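Heads up, the thing below is written out as structure tokens.
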Amino acid sequence: MTAHHAVGFHSQRWAADFAASCTAHEVAPPTTFVSPLGPDAADLTSTLESPAVAEADASLDALVGDRTFLVRVDRMELSKNIVRSFSA
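Residue 852 in this note's numbering sits at position 27 of the sequence shown, and the numbers go up by one each step.
Encoded structure:
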């Protein structure tokens with residue numbers, strides 16, 4: 826990673842750990858930056874309160890009825906083996 830001009834991390838701790846590792850190995854760290862990966866709470870709230878969500882909720886309620894409804898969310902990263910995890 827040190828061969829790149831810049832390296833980004835999701836938390837300050839990870840960026841600091843990377844820089845410390847570079848120092849420990851006597852390698853000059855590239856420019857690092859932190860870009861948190863997280864939802865915008867205000868945007869989520871406004872979306873949740875929208876008519877489109879209310880309509881989708883009613884549609885799901887009608888479809889599911891009194892059965893249990895399970896939702897699964899995965900990252901779109903092939904290395905996480907999404908397909909294999911479904912069969913597990």
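Positions of the beta carbon are idealized from the N, C-alpha and C atoms, including for glycine. Small disclaimer: the values here were computed from a predicted structure and weren't measured.
Straight-line Cα distance separating residue j from residue i
i: L925; j: V852; result: Outside the modelled stretch of the chain, which goes from 826 to 913, sits residue 925, for which no answer is possible.
i: F843; j: L862; result: 18 Å
i: L888; j: D882; result: 10 Å
i: S875; j: H830; result: 42 Å
i: A849; j: A841; result: 12 Å
Contact under 8 Å by Cβ, residue i with residue j
i: C847; j: T870; result: no
Short CB-CB distance (under 8 Å) between residue i and chain D
i: A828; result: No chain D is present in this structure, which holds just one protein chain.
Backbone secondary structure at residue i - three-state DSSP
i: V852; result: coil
i: A887; result: helix
i: V859; result: strand
> Would you call the region 827 to 835 and the region 847 to 865 touching, i.e. three or more CB-CB distances under 8 Å?
Replying inline: yes
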